[in-house]
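One gets our numbering by counting positions in the sequence shown from 1 and adding 25 to each.
Where is the CB? At the ideal position from N, CA and C, for every residue including glycine.
What you are looking at is a predicted structure, and each value in this text was computed from that prediction instead of being measured.
Here's the structure, in structure tokens; my notes come after.
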Amino acid sequence: MARSQGVTFVTRTYFTRFFSQCVLPLVFLQALNAQQLTSPLPPLREQATIQQEWLKVRLERVLPQVMREHKVQMWIVTMREYNEDPVFSSLVSATTFSARRRTIYAFNDLGPEKGLERLALGGSSQGGLYVAYRDTTLKNAELWGDTQWLLLSKIVRERDPRTIAVNISHTHAFSDGLSTGEWEQLQQALGPEYSKRVVRAERVALDYIAIRIPEMLPVYKELMKTAHAIITEAFSNRVITPGKTTTQDVVWWMRQKVQEFGLGTWFQPSVDIQRRGADLSRDPNPVIQRGVVLHCDFGVTGMRLHTDTQHMGYVLTEGESDVPSGIKSILANSNRLQDILLQNMKTGLNGNRILANTLTQMRTEGINGTVYSHAIGEHGHGAGTIIGLWDRQMGVPGRGDVPLLQNTWYSIELQATTPVPEWNNQLVRSAQEEDVVIGADGSVQWILNRQSEFHIIR
26 MARSQGVTFV
36 TRTYFTRFFS
46 QCVLPLVFLQ
56 ALNAQQLTSP
66 LPPLREQATI
76 QQEWLKVRLE
86 RVLPQVMREH
96 KVQMWIVTMR
106 EYNEDPVFSS
116 LVSATTFSAR
126 RRTIYAFNDL
136 GPEKGLERLA
146 LGGSSQGGLY
156 VAYRDTTLKN
166 AELWGDTQWL
176 LLSKIVRERD
186 PRTIAVNISH
196 THAFSDGLST
206 GEWEQLQQAL
216 GPEYSKRVVR
226 AERVALDYIA
236 IRIPEMLPVY
246 KELMKTAHAI
256 ITEAFSNRVI
266 TPGKTTTQDV
276 VWWMRQKVQE
286 FGLGTWFQPS
296 VDIQRRGADL
306 SRDPNPVIQR
316 GVVLHCDFGV
326 TGMRLHTDTQ
336 HMGYVLTEGE
346 SDVPSGIKSI
356 LANSNRLQDI
366 LLQNMKTGLN
376 GNRILANTLT
386 QMRTEGINGT
396 VYSHAIGEHG
406 HGAGTIIGLW
416 DRQMGVPGRG
426 DVPLLQNTWY
436 SIELQATTPV
446 PEWNNQLVRS
456 AQEEDVVIGA
466 DGSVQWILNR
476 QSEFHIIR
């Protein structure tokens with residue numbers, strides 16, 4: 026059991042045993058309920074075992090579905106060490122951190138009855154999930170400097186695929202992992218006949234990375250609970266002393282806490298404040314005074330999964346016992362905008378259409394806001410459609426034209442700006458971000474609870 030100042034992080038097993046053996050004072054129970062208790066991830070060895078099962082299911086269940094949907098018989102993914110394709114981490118075991126010299130994966134669809142052949146030319150079998158394909162009889166390696174190209178040429182000729190997908194895309198970074206050097210040598214290995222069968226099937230890599238399996242969700246919930254608990258403590262008097270603590274003090278407290286729990290982060294957290302009658306946008310490290318509105322952007326990383334959360338806080342002034350009603354209204358408006366977006370997230374619609382429908386309804390209801398939501402999972406800004414960018418509220422050509430898929434996760438990121446009567450109708454921004462799961466039936470549900478009340482610093 027690891028302890029932080031005020032928030033206790035315990036494993037679910039310990040938590041159950043502890044509370045079954047004793048009766049705690051009501052005040053203490055209420056204090057615990059006010060916080061998000063969370064379980065740390067299991068030991069690294071257990072994590073790797075779990076991740077290996079995820080990989081097996083995704084290769085056996087998800088990849089064949091994606092390749093067939095996009096009419097691809099063979100998919101070739103080739104890369105070199107330290108220049109890995111973005112899809113690499115979705116294709117390998119947790120104990121594989123980089124390609125080895127050159128690694129080539131070839132996926133050949135033998136049909137629904139036999140499934141996919143998964144061949145690894147270079148590297149390992151990834152715990153038996155690939156056939157580590159080698160042929161020591163091949164000669165004339167000097168033609169391309171590496172027997173792997175000769176071996177790939179042999180594999181392609183023997184299987185004679187109708188289509189060969191490669192990862193080249195002008196639109197999606199996740200589908201553009203084939204470097205120029207590898208592409209030139211791949212064409213040479215394929216020869217003129219098979220080079221004509223090459224297709225740029227952008228959606229194969231994009232959809233394979235994007236689609237989540239239900240087995241991942243319990244672990245992701247635990248990561249989100251941890252993120253919420255760290256924010257809850259960061260935006261409390263245990264960390265913030267009004268008039269003394271700066272925003273960067275809070276940022277680095279959060280970073281340190283992430284490291285203590287054996288997790289990582291995919292971006293530097295941020296904490297900013299809004300104050301009556303003041304523009305603090307150019308102050309990189311203001312002192313947190315009483316009467317300010319706080320905002321943070323924070324994410325944690327574990328087991329190759331990423332979270333993304335933005336919450337709001339308020340520092341009470343002397344004599345205040347609650348958040349002023351005008352300040353509460355800014356959070357209520359961003360909550361309503363969340364509701365509107367979720368109502369418009371229909372599978373099959375693309376991100377640009379979802380954005381347009383959401384903004385139309387938002388304006389009809391008199392809310393002043395912007396929407397810039399994205400897929401999340403194995404990357405913070407993940408593979409999938411884009412539902413607006415903060416500076417592109419007219420839609421995002423290409424990236425926003427991809428349909429919303431079932432079995433994906435999305436970060437609902439947006440903001441609403443509202444005049445606050447107690448601040449002489451000064452416009453105050455409420456930026457929120459919480460993650461949802463798009464189910465197999467197309468339903469959209471919060472993965473954890475969303476913020477509907479301010480974190481309060483007294």
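| Query | Result |
| --- | --- |
| Whether Thr383 touches Leu366 by CB criterion (9 Å) | yes |
| Identified DSSP bridge partners for Val469 | Ile463 |
| Unbroken alpha helix (DSSP H) run spanning Trp415, endpoints | Careful: Trp415 lies outside any alpha helix (DSSP H) and carries neither H nor E. |
| Rounded Cβ spacing between Ile463 and Leu429 (contact assumed at less than 8 Å) | 7 Å |
| Distance between beta carbons of Val317 and Thr271, contact taken as under 8 Å | In fact, because the Cβ distance is near 12 Å, the residues do not count as touching under 8 Å. |
| Boundaries of the alpha helix (DSSP H) in which His253 is found, first to last residue | 242-259 |
| Chain-order list of residues whose beta-carbon lies under 6 Å from that of Tyr158 (same chain, five-residue window excluded) | Leu144, Leu146 |
| Own chain residues within Cβ distance below 8 Å of Arg70, not counting five before or after | none |
| Residue ranges of each beta strand (DSSP E) within the region 285-338, 3 or longer | 295-299, 318-323 |
| Sequence-distant residues of its chain with Cβ nearer than 8 Å to Arg42 (five each side left out) | Caution is warranted here: a pLDDT of 35 is assigned to Arg42, below 50, making its placement in the model unreliable, and the coordinate value is therefore given only provisionally. Result list for Arg42: empty, nothing under 8 Å. |
| Exposure of Asn192, with buried meaning 16 or more beta-carbon neighbours within 10 Å | buried |
| Whole runs of the beta strand (DSSP E) within the region 203-245, excluding any shorter than 3 residues | none |
| Beta-ladder partner(s) of Ala456, from DSSP | Gln440 |
| 6 Å CB neighbourhood of Pro186 in its chain, flanking five on each side removed | Gln98, Met99 |
| Residues that DSSP places opposite Pro428 in a beta bridge | Asn375 |
| Val78 (DSSP reduced to helix, strand or coil) | Sequence check: residue 78 is Glu here, not Val. The answer is helix: DSSP assigns Glu78 an H, G or I state. |
| 9 Å Cβ cutoff, Lys221 in contact with chain C | This model lacks chain C altogether; it includes just one protein chain. |
| Inter-residue CB distance, Ser114 and Glu403 (contact presumed, cutoff 8 Å) | 6 Å |
| Buried/exposed call for Pro21, threshold 16 Cβ in 10 Å | This structure cannot settle anything about residue 21, because the visible part of the chain is limited to 26 through 483. |
| Closer than 8 Å: Gly148 CB and nearest the ligand ATP heavy atom | The ligand ATP is not among the ligands present in this structure, which contains no ligands whatsoever. |
| Exposure label - Leu135; buried when at least 16 CB within 10 Å | exposed |
| Helix, strand or coil at Met279 according to DSSP, with G and I counted as helix | helix |
| Cross-strand partners of Tyr107 (DSSP beta bridge) | Its beta-bridge partners do not exist; DSSP assigns none. |
| Cβ-Cβ distance between Tyr397 and Gly413 below 9 Å | yes |
| C-beta contact flag for Val461 and Met328 at 9 Å | no |
| Contacting residues, own chain, Cβ-Cβ under 6 Å from Leu452 (five flanking each side not counted) | Thr442, Pro444 |
| DSSP-derived helix/strand/coil call for Asn474 | coil |
| Counted within 10 angstroms of its Cβ, other Cβ atoms place Ile238 as buried (16 or more) or exposed | exposed |
| Helix, strand or coil at Asp134 according to DSSP, with G and I counted as helix | strand |
| Simplified DSSP assignment, three categories, for Ser346 | coil |
| Cβ-based burial, Lys269 [other Cβ within 10 Å; buried from 16] | exposed |
| Contact belief for Glu227 with Ser200 at Cβ below 8 Å, rounded distance in angstroms | 4 Å |
| Cβ-Cβ separation, Ile101 to Gln173 (assumed contact under 8 Å), whole Å | Incorrect: roughly 12 Å between the Cβ atoms, too far for contact. |
| Alpha-carbon to alpha-carbon, Asp304 and Gly474 | Note on identity: in this sequence residue 474 is Asn, with Gly being the wrong assignment. The straight-line gap from Cα to Cα measures roughly 32 Å. |
| C-alpha gap between Ile355 and Met419, whole angstroms | 24 Å |
| Lys139 burial status per 10 Å Cβ neighbour count (16 or more: buried) | exposed |
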